[in-house]
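Undergrad:
Numbering (my numbering), first residue to last: 1 to 133.
#1: Which whole-angstrom value describes the C-beta separation of residue 42 and residue 64, a residue pair presumed to lie in contact below a C-beta threshold of 8 Å?
#2: Residue range of the beta strand (DSSP E) that residue 99 falls in?
#3: Please state the DSSP three-state secondary structure of residue 26.
#4: What does the alpha-carbon distance come out to for the pair residue 52 and residue 115?
#5: So what's residue 49 in DSSP terms, helix, strand or just coil?
#6: For the candidate residues 46, 44 and 50, whose alpha-carbon lies nearest to that of residue 203?
#7: Which same chain residues end up closer than 6 Å to residue 83 when comparing Cβ atoms and leaving out the 5 residues on each side of it in sequence?
Structural data, given as structure tokens:
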């Protein structure tokens, strides 16, 4: 059996193919693509942290991506005020579609222009008044 030496730069190239930049920065490949293509920045909000979500949306600029970490939001009713543009909306997205769950007396209110809400799941809930979204 012959041993072949592989140059270090070839190994580095192969590793870069196996682990795109998004994975090394804590993002999934889909999040990395969204960040690179759709938004100049993204923010990860911990599950159930309504105050951080409201603050992140208020500070968001057109094209920003706000990711909600997987988890359950119980009896939360955030009012999200922000604005994007037609070509660069503010996107509020579940980190993993269907794994961000609002339940109980929960709703989300979007108060602004060109805002997108994606991948949230509402279950086991009710409202005293108003709409879920």
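The C-beta atom is built at its ideal place from N, Cα and C for all residues, glycine as well.
TA: On the basis of the coordinates in this document:
#1: Their Cβ separation, rounded to whole angstroms, is 7 Å, which keeps residue 42 and residue 64 in contact under 8 Å.
#2: Unbroken run through residue 99: none, as it is neither H nor E.
#3: Confidence at residue 26 is low in this model, with a pLDDT of 45, below 50, so its placement is unreliable and no value can be given for it.
#4: Residue 52 and residue 115 have their C-alpha atoms some 17 Å from each other.
#5: Here residue 49 sits in coil by DSSP.
#6: What the structure shows of the chain is the stretch from 1 to 133, and residue 203 is not part of that stretch, so it cannot be assessed.
#7: Result list for residue 83: 112 and 113, in chain order.
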